[in-house]
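Here the sequence shown is numbered in my numbering, starting from 4 and rising by one per residue.
Even for Gly, the Cβ is constructed at its ideal location relative to N, Cα and C.
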Amino acid sequence: MPSEFIIAIHVLAYLRKEAKQMSSEEIAKNVCVNPVRIRKVLAPLKKAGIIETKEGLNGGYFFQIGKETITLKQIYDALQINICQTSWRSGDIHNECMVSSGMSHVVDNLCNDLENVCQDYLATITIRDILIDLENISNTKEK
4 MPSEFIIAIH VLAYLRKEAK QMSSEEIAKN VCVNPVRIRK VLAPLKKAGI IETKEGLNGG
64 YFFQIGKETI TLKQIYDALQ INICQTSWRS GDIHNECMVS SGMSHVVDNL CNDLENVCQD
124 YLATITIRDI LIDLENISNT KEK
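Pasting the structure below:
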């Protein structure tokens, strides 16, 4: 799973939980990444209308109350990423062996099928669901 996707989910849950405007520096401390990385990940979310920003000295990011029904698929679409991806392929398409020459194609098909299944699943999960999971984890730790 790409780190951008994980960062985006983390930020949206954090902004919603805190219910206030925050700078990229404040967010970065909670996510444990550089503020520049936060800004790069949030730029496409802003463009997609998932988060809001205020520019200027007292600027920052905020997540509107009521947008908790945003799905992970909407975040996925905004980031334009692939969940199931690999840049490496075994074999050689020019090799006479059917395994060596065909494995790249098989892996590509497998990744495409997994991507479609992942997208369907992500469409069933909202930021509200993530917050509920986080609350359940927190409650379990307190016991």
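Using the DSSP secondary-structure output, state which residues sit across from residue 55 in a beta bridge.
Beta-bridge pairing by DSSP links residue 55 to 65.
Could you please give me the residues that DSSP links to residue 143 through a beta bridge?
Its beta-bridge partners do not exist; DSSP assigns none.
Roughly how many angstroms separate the alpha carbons of residue 138 and residue 16, rounded to a whole number?
11 Å
So which of 111, 54, 36, 12 has the shortest CA-CA distance to residue 69?
54
What would DSSP say about residue 25, mapped onto helix, strand or coil?
Three-state result, residue 25: strand.
Name, in chain order, the residues that DSSP records as bridge partners for residue 129.
74
Secondary structure at residue 114, three-state DSSP: helix, strand or coil?
helix
To the nearest angstrom, report how far apart residue 19 and residue 96 are at their CA atoms.
49 Å
Span of the alpha helix (DSSP H) holding residue 44?
Looking at the DSSP string, the run of the alpha helix (DSSP H) that includes residue 44 is 38-50.
Going by CA-CA distance only, name the one from 135, 6, 136, 131 that's closest to residue 71.
131
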